[in-house]
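What follows is the structure, given as structure tokens:
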């Protein structure tokens with residue numbers, strides 16, 4: 110399943126990186142601690158978080174994650190958006206809380 | 028081959044830039060993807076530690092055909108008790124740094140897990156020196 114399929118199925122907002130939605134998504138990782146993601150997320154997992162600052166882009170890019178999903182309507186900072194375009198790594202968003210979006214994503218990925 | 032990067036303490040806007048540059052170099056050198064991932068995790072944590080705790084620092088990356096040897100030398104408060112700092116969950120990070128999702132006390136543990144060899148020496152009040160060694164050939168370690 111590709112990032113674009115997630116966007117459609119979960120009705121995600123695209124904040125940035127709309128031209129880079131073709132990466133393959135193998136799973137997800139949920140954390141608001143950057144070292145936790147650095148240490149434990151796996152390549153191909155979308156990162157679900159409420160952190161909106163620029164450093165999430167560094168972590169996501171270093172870990173080769175396909176996209177970031179911000180929860181509860183949180184919006185990325187201006188310099189985060191800029192970095193996202195530079196890194197060609199999309200930031201997506203949902204109004205749902207973490208529990209709900211994770212449940213839906215889990216269901217979606219395990220159905221396909 | 029040697030690369031050097033200057034790191035400014037407190038500059039979270041640029042945190043990760045050195046790690047990102049090194050990741051690109053490793054890719055150009057065709058370093059094994061799995062080894063490269065380990066290097067990048069350890070280096071990023073070490074880089075962020077300089078940004079979060081020190082006043083300034085220099086990262087020196089030495090690459091030869093057998094290993095990548097990274098030396099991170101900072102001017103900063105130093106670490107009084109390295110064993111305590113190594114304990115997972117222990118952190119002296121400020122509340123502002125924690126709010127960003129850093130300072131969970133996982134950095135040094137991540138570094139140790141991902142490096143083939145890690146050496147830390149520190150002089151409280153002066154600074155800290157961290158060395159990370161990764162072997163580039165699977166049987167070298």
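Protein chains in written order, with our numbering: chain A, 110 to 221; chain B, 28 to 168. From the three backbone atoms N, C-alpha and C, an ideal C-beta is built for every residue, glycine too. Everything numeric in this text was worked out from a predicted model, so none of it was measured.
In chain order, 163 place their CB closer than 7 Å to the CB of residue 58/B, counting only its own chain and leaving out the 5 sequence neighbours on each side. Around residue 107/B, no beta-carbon contact reaches into chain A at under 9 Å, the shortest distance being about 22 Å.
The Cβ-Cβ distance between residue 117/B and residue 111/B falls below 7 Å. Chain A has a Cβ within less than 7 Å of the Cβ of residue 127/B. At least one beta carbon of chain A lies nearer than 7 Å to the beta carbon of residue 67/B. The C-alpha of residue 38/B lies about 8 Å from the C-alpha of residue 79/B. Taking a beta-carbon distance threshold of 7 Å, residue 57/B does not count as an interface residue toward chain A. For residue 125/A, no chain B residue has a C-beta closer than 9 Å to its own C-beta; the minimum C-beta separation is roughly 17 Å.
DSSP, reduced to helix, strand and coil, places residue 72/B within a helical segment of the structure shown. Between residue 176/A and residue 146/A, the beta carbon gap of about 13 Å keeps them out of contact (Cβ cut-off 8 Å). Taken in chain order, the members of the stretch 134-155 of chain B whose beta-carbon sits within less than 9 Å of a beta-carbon on chain A are 134, 136, 137, 140 and 141. Using a Cβ-Cβ cut-off of 7 Å, residue 167/A counts as an interface residue toward chain B, since at least one Cβ of chain B sits closer than that to its own. For residue 215/A, the secondary structure class from DSSP, reduced to helix, strand or coil, is helix.
In terms of Cα proximity to residue 114/B, the closest of 97/B, 31/B and 134/B is 134/B. Any Cβ of chain B closer than 7 Å to the Cβ of residue 143/A would place that residue at the interface, and such an atom is present. According to the DSSP assignment, residue 35/B belongs to the beta strand (DSSP E) that extends over 29-35. In the structure shown, the three-state DSSP call for residue 207/A is helix.
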